[in-house]
Each structure stands twice: as C-alpha cells, then as structure tokens.
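Everything in the sequence shown is counted per this note's numbering, starting at 1 for the first residue and increasing by one.
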Amino acid sequence: SVLLKYRQHPIVNKILEYRKVSKLKSTYVDALPLLISPRTGRLHTTFSQTVTATGRLSSSDPNLQNIPIRGERGREIRKAFIPAENGNYLLSADYSQVELRLMAHLSGDPALREAFLRDEDIHSSTAAAIFSVNTDEVTAELRRKAKEVNFGIIYGISRYGLASRLYIAVEEAEEIIQSYFFRFPKVNEYIITVIQHARANRYVTTILKRRRYVPEIDSRNNTVRQNTERIAINTTIQGSAADLIKLAMIHIHQRLIEENLKTKMILQVHDELVFEVPKGELDLVKSLVKQEMEQAMQLNIPLKVDVGVGANWLEAH
C-alpha cells in the first residue's frame with residue numbers, strides 16, 4: 001500500500017510487477033504440480049459445505065477456487081489446467097450477474113427487474129439511472145462507479161466504504177447511494193426488511209430457507225453491529241446464489257447419468273461449473289448444462305448462463 005503511492009516512479013512499478021509475478025510463481029507454478037496425484041495425473045481438491053457461513057462451497061488442499069481470473073499475467077495460470085484425457089475439452093458454464101439477479105428477484109424492484117428482462121448491461125443501466133444520463137452517454141468511468149455501487153449494495157457497503165473504493169469524498173458517496181435507492185427503492189426496502197427480520201429473530205434465511213444466525217445484530221459496539229448488518233444482507237443474496245448452483249449441480253449430475261454420458265463435472269468455483277467433455281458430447285452437454293442451470297430455480301426474472309469450450313480452462317472461460 002505504501003508503494004502504490006509512488007507508482008509514478010518507474011522503479012516502483014517494476015517492484016510491484018515483480019511481487020505479482022513472484023506470488024504467481026510460488027503459489028501456483030511451483031506449488032500446484034507437486035500436488036498432482038501420481039495415480040490419476042490430476043489435481044484433487046477437497047470441497048466442504050460447512051466452512052463458509054453463507055453456504056458457499058469452499059475448496060482446499062489445494063484451493064482451486066482462487067485460481068486467478070483477473071489480470072493478464074494471472075489469467076495465464078489457467079492455461080495450465082487441461083483435460084486429463086486426450087481428445088477431451090473443458091467446458092465452463094458461468095452464471096451471469098447471478099447475485100444482482102437474485103437481488104432483483106428478492107426485492108421485487110421493478111426498475112431493476114425491467115433492466116434484466118430487457119437483457120440490458122446492468123451496470124450501464126444503473127449508471128444511467130443514478131447519474132441521470134442517457135444509456136448511450138454512460139462513460140467507462142460512470143459504468144465502473146455503478147458496478148462498485150451494484151456489488152457494494154449487495155455487501156451492505158457504507159458511504160465510507162464506497163468513498164474508499166471510488167476515491168471520492170464521503171459526501172459524494174452518500175449522494176450516489178441515496179440516488180441509487182431513489183431509483184431502486186424496493187432494494188432499500190428489502191435491505192431494511194432483512195435487518196428488521198434479523199433483529200427480531202437473530203437469524204436470516206436464504207431463498208431455500210437455510211438459516212444463518214446473527215447474534216451480534218444488536219451489539220452495543222457500533223462497528224460490530226454494522227458489520228453484522230452487512231453480513232445479514234449479504235447472506236440472503238450470496239447464500240441464495242449458493243443454494244441455486246448446488247441445485248443446478250444436482251440436476252446436471254442426474255442428467256449426465258440418465259443420458260449415459262462420459263462427461264464429468266470436475267470443479268465448482270462459486271458461480272461457475274467446469275466439466276471435462278469428450279468431443280462427441282460437446283453439443284449435447286453445452287445445451288444440457290445451460291438448460292439445467294438456467295432452470296434450476298423459477299425466479300421472476302430470467303437466469304442467464306454463459307458457456308465456453310476450450311482446450312484449457314482459460315480458453316473455456
């Protein structure tokens with residue numbers, strides 16, 4: 001964080017770049033090959049359902065859910081993940097903006113729902129709404145700010161948190177949040193309702209009624225209480241997304257068996273499923289996976305899944 005203040009100096013950028021590359025090398029390039037099973041030739045991770053409080057699956061020994069996807073150098077690590085069988089391909093199926101879609105469903109906000117029903121770029125739509133411009137006038141900077149707001153709201157972001165993320169004054173961050181809630185009032189109502197329910201019952205629930213207890217929701221410590229409120233809000237959204245993809249995994253597993261396919265589901269990374277697919281099954285599996293993921297739950301807005309295929313994980317994503 002200290003070096004970031006001096007990025008204009010060329011040697012500082014070199015140091016920061018070296019640190020990134022060194023981290024990638026030690027964490028992935030050097031470490032992962034040592035964990036390949038000599039018997040199967042594969043990396044085998046362990047999934048747990050009871051580590052994360054929201055209900056997300058967690059991965060360990062090694063953690064294959066933290067393989068980089070952002071950054072040009074980091075993404076290159078995914079090229080190393082290839083099918084174990086010659087002639088097979090990797091297929092990646094990823095829910096598009098699933099947490100925002102769940103917020104639209106659970107809150108019932110008409111403006112947010114309408115944006116998804118029209119299949120708009122949700123961040124551009126949000127930018128147009130909260131900054132009072134036409135969609136075609138949304139700049140890359142306004143879209144970036146709207147994206148931070150969209151995801152920040154899900155995580156119960158404060159004006160101070162948003163100001164820090166956007167490098168703006170706290171007062172401006174407060175105006176943006178208020179503008180967001182003015183344009184999407186049902187989202188604000190939903191957040192208030194979740195917190196009220198948490199205070200009354202000491203727990204919140206996901207879309208499938210899985211509970212997370214929040215005993216510190218009435219803490220006298222302001223920091224602890226506000227953090228617990230953020231946890232309560234996020235659990236209803238992120239936890240519901242976890243419910244959704246687990247249902248999809250069950251349905252897909254059943255379909256693969258029913259269709260007598262050789263395709264294997266090999267990895268789950270929160271909103272993404274990865275499969276190893278024989279070439280002859282690609283068309284069928286692409287259709288099957290997309291259908292089962294998009295129909296895993298009946299929401300009042302459509303779920304959208306992006307499917308990619310490649311010789312390695314980077315190509316497939």
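Where a beta carbon is used, it is the ideal one built from N, C-alpha and C, also for glycine.
Under the assumption that residue i contacts residue j (Cβ atoms under 8 Å), give the Cβ distance between them as a whole number of angstroms.
i      : j      : result
ASP271 : ASP94  : 6 Å
VAL187 : MET103 : 6 Å
HIS105 : LEU299 : 4 Å
THR236 : THR263 : In fact, because the Cβ distance is near 33 Å, the residues do not count as touching under 8 Å.
ALA111 : ALA129 : 7 Å
Near residue i, what residues of its chain come up, given a Cβ to Cβ distance below 7 Å and the 5 sequence neighbours on each side ignored?
i      : result
GLY74  : LEU24 and PRO68
GLU292 : ALA248, HIS251, ILE252 and ARG255
GLN97  : ILE122
VAL194 : VAL204, ALA232, ILE233 and THR236
GLY310 : TYR89, LEU90 and ALA316
Relative to the C-alpha of residue i, which candidate in the options has its C-alpha closest?
i      : options                           : result
SER58  : SER164, VAL269, LYS304 and PRO10  : VAL269
VAL274 : ALA316, GLU294 and SER287         : ALA316
ALA232 : TYR155, PRO33 and GLU189          : TYR155
THR54  : LEU34, GLU99, GLU17 and ASP61     : GLU99
VAL318 : ILE301, MET265, LYS304 and GLN295 : With the chain represented from 1 up to 317, any question about residue 318 goes unanswered, as that position is not in the structure.
LEU282 : LEU162, LEU91, LEU35 and ALA115   : LEU91
SER132 : ASN260, PHE182 and LEU267         : PHE182
GLY280 : GLN226, GLU72, GLY87 and ASN66    : GLY87
ASP318 : ARG39, THR52, THR50 and LEU34     : Outside the shown range of the chain (1 to 317) lies residue 318, about which nothing can therefore be said.
Around the C-beta of residue i, are 16 or more other C-beta atoms found within 10 angstroms, so that it is buried, or is it exposed?
i      : result
LYS209 : exposed
VAL29  : exposed
TYR167 : exposed
GLN178 : exposed
ARG109 : The sequence given here places Asp at residue 109; Arg does not occur at that position. Buried, by the Cβ-count rule.
ARG70  : exposed
PHE81  : buried
VAL318 : Shown here, the chain extends from 1 to 317; a query on residue 318 therefore has no answer.
GLY41  : exposed
PRO10  : exposed
SER287 : exposed
ASN260 : exposed
VAL289 : buried
ILE192 : exposed
SER107 : buried
Beta-carbon within less than 6 Å of residue i's beta-carbon, same chain only, minus the 5 sequence neighbours each way: which residues are those?
i      : result
THR228 : VAL214, GLU216 and ILE217
ALA127 : VAL138, LEU142, ARG143 and ALA146
GLU174 : ARG159
SER240 : LEU102, THR206 and ILE207
ALA198 : VAL204, VAL214, ILE217 and ALA232
Secondary structure at residue i, three-state DSSP: helix, strand or coil?
i      : result
THR126 : helix
ARG101 : helix
ASP306 : strand
GLU272 : strand
VAL277 : strand
ASP119 : coil
VAL204 : strand
TYR95  : strand
TYR89  : strand
If I measure Cβ to Cβ from residue i and keep anything under 8 Å in the same chain, skipping five residues before and after, which residues do I get?
i      : result
VAL224 : GLU216
SER37  : LEU43 and HIS44
GLU85  : GLU276 and PRO278
ASN312 : ARG78, LYS79, ALA80, PHE81, ILE82 and LEU90
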